[in-house]
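Comments concern the structure below.
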């Protein structure tokens with residue numbers, strides 16, 4: 011099972027790709043300066059040197075697309091397709107009293123996250 015873990019900040023998006031069956035990391039990185047001039051991704055495939063790619067990312071959605079592009083493309087793709095990702099985990103800074111453990115994301119959870127955005131205004135809205 012391949013798991014992609016995301017951690018979204020106000021102007022960054024960290025990621026970690028993990029092979030659950032073999033209990034080993036595959037890749038990790040960060041998109042920095044999301045919605046600012048000079049955004050870039052720093053990407054590291056396990057056991058190899060990191061690379062830095064400058065690319066404009068106006069939104070966190072664009073940052074996610076950049077992450078997926080880097081994981082599946084370039085000179086050293088980690089995945090052949092995003093279809094190889096079996097699960098996605100996402101860290102939320104503050105879930106109030108409603109979220110104190112992992113949950114499956116559905117429409118109700120998304121609506122509750124929106125209601126709780128004011129608890130961590132720099133981090134929760136991009137989530």
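Residue numbers (this note's numbering): 11 to 137. Ideal Cβ positions, reconstructed from N, Cα and C, are used throughout, including at glycine.
The DSSP assignment places 34-42, 50-55, 61-64 as complete runs of the beta strand (DSSP E) inside the stretch 25-81, in order along the chain (cut-off: 3 residues). Nearest C-alpha to residue 32 among 13, 22, 43, 23: 13. At least 7 Å separates the beta-carbon of residue 114 from that of residue 92.
Residue pairing by DSSP places residue 18 opposite 23 in a beta bridge. Pairing residue 41 with residue 67 gives a Cβ-Cβ distance under 7 Å.
In its chain, beyond the 5 residues on either side, 40, 41, 42, 44 have a beta carbon closer than 7 Å to the beta carbon of residue 22.
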